[in-house]
Amino acid sequence: MIDPVLLQRLRALLGRECRHEGETFRVIDLLPLEGMLVLESSSARPGIQLDQFGRASHRAPAISQIGILGPDGQGLSEELQHLVDGLADYRLN
9 MIDPVLLQRL
19 RALLGRECRH
29 EGETFRVIDL
39 LPLEGMLVLE
49 SSSARPGIQL
59 DQFGRASHRA
69 PAISQIGILG
79 PDGQGLSEEL
89 QHLVDGLADY
99 RLN
């Protein structure tokens with residue numbers, strides 16, 4: 009279970025832009041039960057979204073999910089720590 013204080017601090021990230029895997033993303037959702045932070049690509053050219061049959065349907069921004077907790081279930085995941093480190097004016101601890 010994720011600490012309520014940590015969840016409150018993560019909620020403050022909603023709407024913020026960040027760097028992830030060399031691209032600019034925006035934090036769009038927090039899924040506490042799944043332990044995930046959801047990012048949406050801010051790329052100027054969104055990728056092509058496929059329908060259920062694998063045919064090109066429409067363009068949609070890339071979505072990425074980052075685990076909140078590390079493999080031990082205690083500390084922050086390495087991905088989340090890197091993301092927060094890129095936000096110079098923000099601290100989780």
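Sequential numbering from 9 applies to the sequence shown in the working numbering. Note that CB positions come from ideal geometry on N, CA and C, so glycine has one too. Since we're looking at a predicted model, the values are computed, not measured.
Item, Value
"Contacting residues, own chain, Cβ-Cβ under 6 Å from Pro-69 (five flanking each side not counted)", "Glu-48, Ser-49, Pro-54"
"Cβ neighbour criterion (16 or more within 10 Å) applied to Ser-76", "Going by the sequence as given, residue 76 is Ile instead of Ser. Counting Cβ neighbours within 10 Å, Ile-76 comes out buried, since at least 16 surround it."
"Exposure of Ile-74, with buried meaning 16 or more beta-carbon neighbours within 10 Å", "buried"
"Environment of Phe-61 [buried if 16+ CB atoms lie within 10 Å]", "exposed"
"Terminal residues of the beta strand (DSSP E) in which Glu-48 lies", "44-49"
"Three-way DSSP call (helix, strand, coil) for Arg-63 in this model", "coil"
"Beta-carbon contacts of Glu-87 that lie in its chain and below 6 Å, excluding the five residues immediately before and after", "Ile-74"
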